[in-house]
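Protein sequences, first through last, are from chains A and B.
For the first sequence, our numbering assigns the number 1042 to the initial residue and increments by one for each residue that follows.
For the second sequence, our numbering assigns the number 604 to the initial residue and increments by one for each residue that follows.
All residues carry an ideal CB built from backbone N, CA and C; glycine is no exception.
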Amino acid sequence: MLQDRTQGEVWVFAEQEEGVLSDVPRELLGKGRELADKLGVKLAAVLMGDGVEALAKPLFEAGADVVHLVEDKELKVFRGKAYRHAFVSLIRECSPQIVIFGATHMGRDLAPAVASELRCGLTADCTDLQIGDYTDGKTKESFTNILMQIRPAFGGNIIATIVNPRNWPQMATVREGVMKPLAVQEGRTGELVRHASGLDGVEIPVEVLEIVRRHSSVNLKGARIIVAGGAGVGSKENFKLLYALADAIGGAVGGSRAAVDLGYCEHERQIGQTGVTVRPALFISCGISGAVQHLAGMQDSAKIIAINTDKDAPIFKVAHYGIVGDLNVVIPKMIKSIKQKGG
Amino acid sequence: MNASNNHREGGYNCVVCIKQVPDTKKVTGEAMKADGTINRAALAAIFNPEDRNALEAALRVKDIYGGKVTVIAMGLPAACAILREALMCGADKAYLVTDRKAAGSDTLATSYILSCAIKTLNPDLVFCGRQAIDGDTAQTGPQIAEKLGFAAITYLEDLKMDGDYAIATRDIGTGIEKDRVKLPALFTVTEKFGELRPFSVHRAMKYKKAKAPVENGNQPLEGDLAIGQLSCDDIGAEADRCGFAGSPTNVHKIVSVVLAGGDYREVPPTDEGIGSLVSGLIADHTIG
């Protein structure tokens, strides 16, 4: 068990693949900055890989004060055991008080293993993190300035606040697309600290034979904004309106099963129980009535705007903003407004 | 198919961790109390969906390469219902891990207890569902693997065996990865692996009578109708690592979610309406 160290840094895991950072580390740094400032400690990014030092610069520019760099050829491609080993030895060396990971496939593979080895708590898939005080109901022991880990549970029917007051570091994975990155501060720099991986002589039982990447053009899961259409779009031709909106707003285009079955968009864009599940920061639903199977794949989106001519469509039950109207009229108005306001 | 050396002559010893969960996907009006909280008693207790996929993965390994499939569920005696279902579908042996000391376990304590139980079975392969629908954490599988010192392969979609190695296809979010994994190994399985086979009438008739001692006046049944029952002491789990004592996370607060109450706003389909919506999204950094 690690020592309670209230001066410990706040860490975020800066996951990278093939030398490229996704949006996730920047989002984590946005939230991490807020937590570190509240605690009056440094914000650090943990960067692991092989030949990835150049990624320290964008991490500083996204808000990191420190980048802990671990480079080893064994870390070139993500493998759970190698990353866990390196991460655990780094935590033991530096004693951070908070460590956050993206709730990505990589983060949800690595974080539980790290927490297990350190025997500390971990909360999955948080949608918010705050600093607060907590009194243990049983022991009446009080804790100040600890991490409130806020997440939906029970199929999204409740929101739970979880704390891990004793076994530090306090660890959480954070849902993609929910935290806001800071504006890039060009030229901002920080302290780069190199660490040994400690992997010499460690047997890694996994050999990666092959990786086939999905086309990034249809990366719905990683998209912060999704514009999706259903049968109500009316034609493949009309779907171009959705692409135009997605272009203007910096989003990806998806479709309901009906839209896919009607040939309006490709199968890989299908959102719902039989397609992909998404939870972007913003979901704009166009001409989708909202079958339960579709809602299951998108209702956890942070903000949902629904556009539909039928005011009784079920999609409005999960939407935060409803526009009852013709998407052929509404979408061009949205595009115009976004362009005017420089969104 | 590929039992290339003597070590694999008996096939693979597979263990599957399964969980009984409330059916959170079916939270309807009746399951909500007047104060907006969930009436758990009104929800059916089901075999966690992705644990069914995990069982199917193990049964396919047994079908093709031989060996045996043991299922383990940790929980209240009622969890025997899903152990019986697993036996009906083709599992060879079932264990219930049940103990008051295990109550209140978070993922760390749960993975510790399950790892102690699994150790007693000395498996080559362990399968877990990717996540359970009551917590959606996806943490227990990787944590069991860490405690056992097994390789962990998450998000498994396909599997082939090659002697002392497994060739695993897994989803890495940004694509698909193929790994060669040295056994013993643990896999967390997603729905993409394929649905659990239906049970045969013959097995169903037989195994509906299977019982754990706790369901039978603390007497074990004879033969293969016996569901094994394990306490924390039986598996050598240290009390201070189980249940509340072994769980570093505490639930501080719970708030019920009321679907689309209050925070729904209708926006008129006019230039002004849409303009103000877009301004709001820019102001709170949703766009831009």
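{"Item": "If the cut is a Cβ gap below 8 Å, which residues of chain B does A:A1322 touch?", "Value": "T889"}
{"Item": "Name the chain B residues that come within less than 8 Å of A:Y1175, Cβ to Cβ?", "Value": "N853, H855"}
{"Item": "Thinking C-alpha only, which one of B:V664, B:D866, B:A788, B:L679 is nearest A:P1246?", "Value": "B:A788"}
{"Item": "Taking Cβ to Cβ, would you say A:A1264 is nearer than 8 Å to A:I1379?", "Value": "no"}
{"Item": "So that I know if they touch, is there some Cβ in chain B lying closer than 8 Å to that of A:A1201?", "Value": "yes"}
{"Item": "Do the stretch 1179-1192 of chain A and the stretch 1206-1219 of chain A touch if we need at least three Cβ pairs shorter than 8 Å?", "Value": "yes"}
{"Item": "Just mark B:T791 as buried or exposed, buried being the case when its beta carbon has 16 or more other beta carbons within 10 Å.", "Value": "buried"}
{"Item": "Assess contact between the stretch 704-713 of chain B and the stretch 756-768 of chain B, defined as three or more Cβ pairs (one per stretch) separated by less than 8 Å. Is contact present?", "Value": "no"}
{"Item": "In chain order, what residues of the stretch 1357-1380 of chain A put their CB closer than 9 Å to some CB of chain B?", "Value": "F1357, K1358, V1359, A1360, H1361, Y1362, G1363, I1364, V1365, G1366, D1367, V1370, V1371, K1374, M1375, K1377, S1378, I1379"}
{"Item": "With 8 Å set as the bound, which would you pick, yes or no: does the beta-carbon of A:L1043 sit closer than that to a beta-carbon of chain B?", "Value": "With a pLDDT of only 43 at A:L1043, under the threshold of 50, the placement of this residue in the model should not be trusted; the figure read from the coordinates follows. No, its Cβ sits nowhere closer than 8 Å to a Cβ of chain B."}
{"Item": "Tell me, please, which residues DSSP counts as bridged to A:V1365.", "Value": "A:N1349"}
{"Item": "DSSP three-state call for B:I890: helix, strand or coil?", "Value": "coil"}
{"Item": "Counting only runs of 3+ residues fully inside the stretch 1240-1279 of chain A, write out the beta strand (DSSP E) ranges in chain order.", "Value": "1247-1254, 1266-1270"}
{"Item": "How would you label A:A1144, buried or exposed, when you count the other beta carbons within 10 angstroms and need 16 or more for buried?", "Value": "buried"}
{"Item": "Any Cβ of chain B within less than 8 Å of the Cβ of A:Q1057?", "Value": "no"}
{"Item": "Could you give the first and the last residue of the continuous alpha helix (DSSP H) run that contains B:N656?", "Value": "652-668"}
{"Item": "Using a Cβ-Cβ distance cut-off of 8 Å, determine whether B:A652 contacts chain A.", "Value": "Position check: residue 652 of chain B holds Pro in this sequence, whereas Ala was assumed. Judged by the 8 Å Cβ criterion, B:P652 is not in contact with chain A."}
{"Item": "Relative to chain B, which residues along the stretch 1146-1162 of chain A have a C-beta separation below 9 Å, given in chain order?", "Value": "H1146, M1147, R1149, D1150, L1151, A1152, P1153, A1154, V1155, A1156, S1157, E1158, R1160, C1161, G1162"}
{"Item": "Mind checking who B:K781 pairs with in its DSSP beta bridge?", "Value": "A:E1251, B:T772"}
{"Item": "For A:F1220, collect the residues of the same chain with a Cβ closer than 7 Å to its Cβ; drop the 5 residues on either side in sequence, then sort them by chain order.", "Value": "In the sequence on display, residue 1220 of chain A carries Met and not Phe. Here the set comprises E1068, L1069, G1071, K1072."}
{"Item": "Got a sec, what are the start and stop residues for the beta strand (DSSP E) A:R1074 sits in?", "Value": "No beta strand (DSSP E) contains A:R1074, which is instead part of the alpha helix (DSSP H) from 1065-1080."}
{"Item": "In the DSSP assignment, find the unbroken alpha helix (DSSP H) run with A:F1357 in it and report its ends.", "Value": "1356-1359"}
{"Item": "Output yes if chain A places a C-beta closer than 8 Å to the C-beta of B:I877; else output no.", "Value": "yes"}
{"Item": "Taking Cβ positions only, does B:P872 come closer than 8 Å to chain A?", "Value": "yes"}
{"Item": "Quick one: is A:G1121 near chain B, going by C-beta distance under 8 Å?", "Value": "yes"}
{"Item": "From A:R1120 to A:P1153, what distance separates their C-alpha atoms?", "Value": "14 Å"}
{"Item": "Taking only the alpha-carbon atoms, compute the straight-line gap between A:A1293 and A:I1356 and give it to the nearest angstrom.", "Value": "19 Å"}
{"Item": "Starting from A:P1206, find everything on chain B with Cβ-Cβ shorter than 8 Å and list it in chain order.", "Value": "N853"}
{"Item": "Are B:L699 and B:C683 closer than 8 Å when you measure CB to CB?", "Value": "yes"}
{"Item": "Under three-state DSSP, which class holds A:S1183?", "Value": "strand"}
{"Item": "Which residues in chain B have a C-beta closer than 9 Å to the C-beta of A:D1166? List them in chain order.", "Value": "D739, T740, A741"}
{"Item": "So A:V1333 is in the alpha helix (DSSP H); what residue range does that whole segment cover?", "Value": "1333-1336"}
{"Item": "Go to A:F1324, then tell me how far its beta strand (DSSP E) extends in each direction, as first and last residue.", "Value": "1323-1327"}
{"Item": "Could you tell me which residues DSSP puts in a beta bridge with A:V1140?", "Value": "A:W1052, A:M1212"}
{"Item": "For the beta strand (DSSP E) containing A:R1235, list its first residue and its last residue.", "Value": "1232-1236"}
{"Item": "Assuming A:M1395 and A:V1111 form a contact by the criterion Cβ under 8 Å, report the distance between their Cβ atoms to the nearest whole angstrom.", "Value": "Because residue 1395 of chain A is not part of the residues shown, which for chain A are 1042 to 1384, the question remains open."}
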